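In this note's numbering, the protein residues as written are 6 to 355.
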């Protein structure tokens, strides 16, 4: 069965991707590669289940182990299906022979650099400048209505300049720093050397507030576009959904860590939302009007999404699976958090 699946994947790659440079140089190829990685994780889980089934007679915990692995397989399988759904919205890589991203561009963009920890002024952003110019024209011409610089959901892309890039990089770098700190705190808590670190999930609230304020500078409270109106833009709507998920991360995991939540089911909310967030990130895209730039950003987001899915289901195993899976899963998901933080710290758009 595995051989048939592998053979089918090779035929699929030959027909729709076609070459190695299309694998990294097109969005279709990048998503296909991500799907392959998730599918490889799925096969590893299947292999672990196969080994557990063969130990049914000698290992009383094998039945419980198989049950938990099947739950995780279903979750990772859902992520694979979401990736496949995203792929269907893209033109096949073999049809895109022009404007492919070179491997040198990917390497340069993914090479770590010093993080940007100082933010440009909001007034320096392209949309703020355009709105200020339109307001000046309205006053000069004594118009009764004010022309908006950007209308969410109109299909038009907001303008961008170098300060917008710096703003975005600043957001990603500070978010990465917070995520890396949370991962390290969870790792230290695993060693039982610092019980007070059980409060580390509250850092999620700081991250949520930061993203709510800065993820979309054209939207309230920093911008002039109302919160409800801004939800017509799919990218803004996804950002707001991520903020809600992050707030839920904080309250549920903090409750579990401090003993305020004793329910086994409620302790699964955090890993479920982490896995869901990683899966949603597989479908998240940035509309920049430049296919190469959009793909280079995807090359940063896709590994973060895979790590998010892995972290969520590893935490699920830590909560539900017997030893030794509980033990190694408890170390795996904080490592994924640290890696996500490092990827965000290395995020660049130029």
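Virtual Cβ for every residue (Gly too), placed ideally from N, Cα, C. Small disclaimer: the values here were computed from a predicted structure and weren't measured.
Residue 251, DSSP secondary structure in three states: helix
Measure the alpha-carbon distance for residue 252 versus residue 347 and round it to whole angstroms. 22 Å
How do the stretch 200 to 210 and the stretch 257 to 264 stand: do at least 3 beta-carbon pairs fall below 8 Å, yes or no? yes
Opposite residue 230 in the DSSP bridges: which residues? Answer is 224, bridged to residue 230.
Same chain only: Cβ atoms within 7 Å of residue 183, ignoring 5 sequence neighbours per side: 208, 211 and 212
Sorted by chain position, which residues of the same chain lie with C-beta nearer than 6 Å to residue 335's C-beta, five sequence neighbours on each side aside? If the five residues before and after residue 335 are omitted, its C-beta is found closer than 6 Å to the C-beta atoms of 195 and 323, all from its own chain and listed in chain order.
Could you have a look at residue 136 and say whether DSSP puts it in helix, strand or coil? helix
Cβ-based neighbour list, residue 232, same chain, cut-off 6 Å, excluding 5 preceding and 5 following: If the five residues before and after residue 232 are omitted, its C-beta is found closer than 6 Å to the C-beta atoms of 225, all from its own chain and listed in chain order.
Whole angstroms is fine: what's the gap from residue 310's alpha carbon to residue 300's? Their Cα atoms are separated by approximately 15 Å.
Using a 10 Å radius around the Cβ and a threshold of 16 neighbouring Cβ atoms, would you call residue 338 buried or exposed? buried
Take residue 256 as the anchor and find which of 244, 243 and 272 has the nearest alpha-carbon. 272
Residue 298 to residue 341, Cα distance in whole Å? 26 Å
With distances taken from CA atoms, which of 344, 27 and 277 is nearest residue 102? 27
Residue range of the alpha helix (DSSP H) that residue 29 falls in? 25 to 30
Which same chain residues, not among the five before or five after residue 58, have their C-beta less than 8 Å away from its C-beta? 67 and 71
Assuming residue 351 contacts residue 117 (C-beta within less than 8 Å), just tell me the rounded distance between them. 4 Å
Let me know the secondary structure DSSP gives residue 265 once reduced to three states. coil
Are the Cβ atoms of residue 247 and residue 278 separated by less than 8 Å? no
Between which residues of its own chain and residue 191 is the CB-CB distance below 7 Å, once the five residues before and five after are set aside? 205, 339 and 342
Nearest to residue 234 by alpha carbon, out of 158, 354, 120 and 317? 158
For the pair the stretch 90 to 106 and the stretch 31 to 46, tell me if three or more CB-CB distances fall below 8 Å. yes
C-beta atoms of residue 50 and residue 85 nearer than 8 Å: no
Please list, in chain order, all residues of the same chain as residue 89 whose beta carbon is under 8 Å from its beta carbon, the five residues on each side excluded. Excluding its 5 nearest sequence neighbours in each direction, residue 89 has C-beta neighbours in its own chain below 8 Å: 40, listed in chain order.
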